[in-house]
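Asker:
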Amino acid sequence: MNKLTNFDRDQIVGAVLKDAFDARNQAHQDEGYALGMSIYADVFGEKMIGQMNALPDGWLPTIKVVKVMIAGAWTELVLSDFVRVLASRNGHCLKSYEATDPLAERFTAWANAGEEIRVQKSELRNKVRALVYSVTTVKKLIEVWPEAVNYLPKKTVPVKLPAVCGSDLNSLIADLKEAA
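Structure (structure tokens):
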């Protein structure tokens, strides 16, 4: 059967990781967006946010990253969309949270969940890489891991263009020489 190239192996590893972690990564990212918006709402409050949003476009700077200090450590949270801030707060730490603050505890839980995802992803990557790099053919891979058939890259068949006739090529070269 077909030999496995390193490119094929890496494609298989990527497909396995995508299948195993896409939903968790998306949920974690969405939770991070929600946490960032919660911090933004905590810093400015609903009334101030309403007033800032009522102003015409361009009157206030917009940000997509919230900078805060949580339990003495600087951190940045990406927001799902651009939000308006007061010019005096643009680019600065918006607020400092103690470790016992509910938002700080929520951030810590979110950061720990992200680290757990990264560790599990790394472990799975190492195990899958070890398996797919231990075999040389697709047939052998399917023998040792039948589920691998779901992750095999789709091979594209190269388009076979018609060959140029030798006499046409010779006449083209001759014409180019005469033109020079």
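For our numbering, count along the sequence shown from 1 and bump the result up by 940.
Each residue gets a CB set at the ideal place from its N, CA and C atoms; glycine is no exception.
Model, not experiment: these values are computed from the prediction.
#1: Taking C-alpha atoms, which residue in W1050, I1003 and G1012 lies nearest to A967?
#2: Taking only the alpha-carbon atoms, compute the straight-line gap between A1027 and T1048 and give it to the nearest angstrom.
#3: Would you mind sorting A1013 into buried or exposed? The rule is 16 or more other CB atoms within 10 Å of its CB.
#4: Within this structure, are the beta carbons of R1024 and V953 separated by less than 8 Å?
#5: One question on the structure: do V1006 and Y980 come within less than 8 Å of each other, judged by their Cβ atoms?
#6: Nearest-angstrom Cα distance between P1092 and I1082?
#7: Could you please give me the residues that DSSP links to R1024 through a beta bridge?
#8: Secondary structure at Y1073, three-state DSSP: helix, strand or coil?
#9: Mind listing, in chain order, the continuous alpha helix (DSSP H) runs of no fewer than 4 residues lying wholly within the segment 941 to 965?
#10: Just to confirm the assignment, what range does the beta strand (DSSP E) spanning K1035 have?
#11: Could you give the DSSP three-state label for K1080: helix, strand or coil?
Answerer: The answer reads as follows:
#1: W1050
#2: 29 Å
#3: exposed
#4: no
#5: yes
#6: Correcting the residue identity first, residue 1092 is Leu in this sequence and not Pro. The straight-line gap from Cα to Cα measures roughly 10 Å.
#7: T1002
#8: coil
#9: none
#10: K1035 to Y1037
#11: helix
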